[in-house]
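Here the structure is laid out as structure tokens; the discussion comes afterwards.
Protein chains in written order, with the working numbering: chain A, 1 to 138; chain B, 1 to 649.
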């Protein structure tokens, strides 16, 4: 059987989560490997969430927020952008392939963008195979 | 130990088609702390709601999970449901298996498997939820309306008539908007000014409306119920309190500026009112064209002004108004057609855009209502080119909705005012609206030539210098046409205002691909936005005609009223709080918060959060090095537990 990765998605309520809803309303089809946790703002995301997801066995983590400058909370995603850029570096240091972590700015009107990103990212993570570096083995 | 009830909705076949709902409910029953799990056809229906309420009582549930559509759809509905059954509304969890699952897959295996993982995550999260108390705040009873076109005017009047105090902000020196530029309106051909100017005057006279023309919103603070809006009053150089509108100044002024109102077809004075029925009837000075501001001397207007109202030293001023709700009705621009060089706008004097033509027809316009070309001659043949930039993947994908109809109106007026042949180059005629198809049929009778083919190019005629050639393919006969005309009217795409991005940022509005403001829900919340307390009306949301715009204005007024009629309102309780025992006093939270909600208590050496200012983004919680800040309803524990549940299956 083909490897089906488990991907954790974290989406902000106002842009990416709404955009993901729009993808549904317009009946776009995309792979179902991403499981989305809703937070109010991408700035809520603590780097420990990303690490914990990988420990829990996520093969990839996808974060979505509003476009920089369009944050519902004015500047939240600007902080998120910096923090997540640093997180990516730490992940690399920990031996996690950069391709397993992606941050995307997807607005509430970009349902098609959401579907595209999920499609691309799923394929990418699939090609990387299972993530075992940080996964806590039973 | 909590007692969780899980309610799986079929949503007819919307969910049941790609998720095995009864299997999902059976699975739910096996999860920790779940004491009852059911599936039902429509959970949001009255029987569905009653079922949840019955189970809350019968099984003494202390958590409810509804596995259905997006929380953005029905979270509020189900919060009410459980609250009415005596459960705190924040003990509800929604699992989105419709928008983000059943609608985006065809595979029932995949759908059911993912639904189980999502539900498992929700159970893990639900166990850690805590009851929260909504904040109750005072509501300011006043409303701000941004934009003084027909949408803003109508909304302001409706609200004012209920006794609500309204601030109407307009960036031009007069209210009226595009509708005031038109001569006639389709399909009834009633005179635009005749139906609009009484409303403009009513705004001026209304004791509950404070009109702020030549003004712009520059800053928005606060939140629903309590907005603090800073408004810039641009310098008019005329003291409107002293001016008695004699307009002697405008007669004497030697300055010449381009008339924006007449779409640049003629010049206007440097001190001017845009058009005779402008409201307010008081002039402003345009710095760019004023002889005094350019050369340092002139002041003729000051000499003739008996009221001593001219004030060259006037500066822009800023004021703040407090309101409970906001209506944004800022209208549209026409797309600039100059970059579409194939149509020759700006190159050939015979090529016009539709707003210029509106002014040509208007008796208060540059030609006094006569249809003449720039050289003063009457055109003998006229081509109307639909869909310039609209319905065009290279520019704007959307249909601008009103062009077919105003083109028909133009054709009728051309026939009435000239003896010209009139050609319509269209892709499809779209005449959906009351009386529209009838108007179209009437125009067919009026000997207007309809050619089904988009105008492809406008060139000058080699055979007859001065004339233009419109090239198009007639798609009904598959023939390539070259039609010689004297005048070409382009119907450009309707696009958002050039500064709409700035406004979107000020009010935190989302915009669609084209830049129009996004409604909260395309069908069921067309006037609300993602910002609580801010509503939209008219073309700033998407292209629409006057009847639809007016209807939206009434609707937006009603929406705003639902907020400001109440003295108090509930705000979401999902704010952040500081646990003083673990706060290290680093003040990271104070530095990052966009709303200045956290402050540092110097005596206690800890941060404190002002709940009234907190909007619940959770930024402070994730920068807190000691996890002393708890983002209610999105605590670290809750988020991590949900992740754990999601990854387990």
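By construction, the Cβ of each residue, glycine as well, lies at the ideal position given by its N, Cα and C atoms.
Helix, strand or coil for residue i per DSSP?
i              : result
residue 45(A)  : coil
residue 111(B) : helix
residue 621(B) : helix
residue 62(A)  : strand
residue 607(B) : strand
residue 35(B)  : strand
residue 473(B) : strand
residue 126(A) : helix
residue 125(B) : helix
residue 16(A)  : helix
residue 52(B)  : helix
residue 548(B) : helix
residue 96(A)  : coil
residue 599(B) : strand
residue 362(B) : coil
residue 272(B) : strand
residue 283(B) : coil
residue 563(B) : helix
residue 117(A) : helix
residue 46(B)  : helix
residue 67(A)  : coil
residue 291(B) : helix
residue 512(B) : coil
Quick one: is residue i buried, meaning 16 or more other Cβ sit within 10 Å of its Cβ, or exposed?
i              : result
residue 567(B) : exposed
residue 543(B) : buried
residue 163(B) : exposed
residue 614(B) : buried
residue 635(B) : buried
residue 375(B) : exposed
residue 204(B) : exposed
residue 589(B) : buried
residue 601(B) : exposed
residue 444(B) : exposed
residue 559(B) : buried
residue 393(B) : exposed
residue 584(B) : exposed
residue 438(B) : exposed
residue 151(B) : buried
residue 13(B)  : exposed
residue 412(B) : buried
residue 617(B) : buried
residue 386(B) : buried
residue 10(B)  : buried
residue 187(B) : buried
residue 466(B) : exposed
residue 432(B) : exposed
DSSP has residue i in a bridge; who is on the other side?
i              : result
residue 317(B) : 233(B)
residue 345(B) : 348(B)
residue 51(A)  : None; residue 51(A) has no bridge partner.
residue 21(A)  : Paired residues: none, contrary to the question.
residue 452(B) : 426(B)
residue 353(B) : 490(B)
residue 385(B) : 425(B) and 490(B)
residue 261(B) : None, per the DSSP bridge assignment.
residue 323(B) : 227(B)
residue 481(B) : 472(B)
residue 629(B) : 578(B)
residue 5(B)   : 36(B) and 64(B)
Could you give the C-beta distance for residue i and residue j, rounded to a whole number, given that I count them as a contact under 8 Å?
i              : j              : result
residue 352(B) : residue 489(B) : 5 Å
residue 552(B) : residue 128(B) : That pair is no contact at about 43 Å.
residue 33(A)  : residue 7(A)   : 5 Å
residue 121(B) : residue 524(B) : The pair is not a contact, with the Cβ atoms about 28 Å apart (cut-off 8 Å).
residue 383(B) : residue 323(B) : 48 Å between Cβ atoms; not a contact.
residue 275(B) : residue 180(B) : 7 Å
residue 109(A) : residue 510(B) : 7 Å
residue 310(B) : residue 217(B) : Going by Cβ atoms, the distance from residue 310(B) to residue 217(B) rounds to 27 Å, so no, they are not a contact pair.
residue 135(B) : residue 570(B) : 7 Å
residue 236(B) : residue 284(B) : 4 Å
If we require 3 or more residues per run, which beta strand (DSSP E) segments fall completely within the stretch 195-225 of chain B? 209-212 and 215-223
Segments assigned beta strand (DSSP E), at least 3 residues, entirely inside the stretch 134-191 of chain B: 135-138, 143-146 and 166-169
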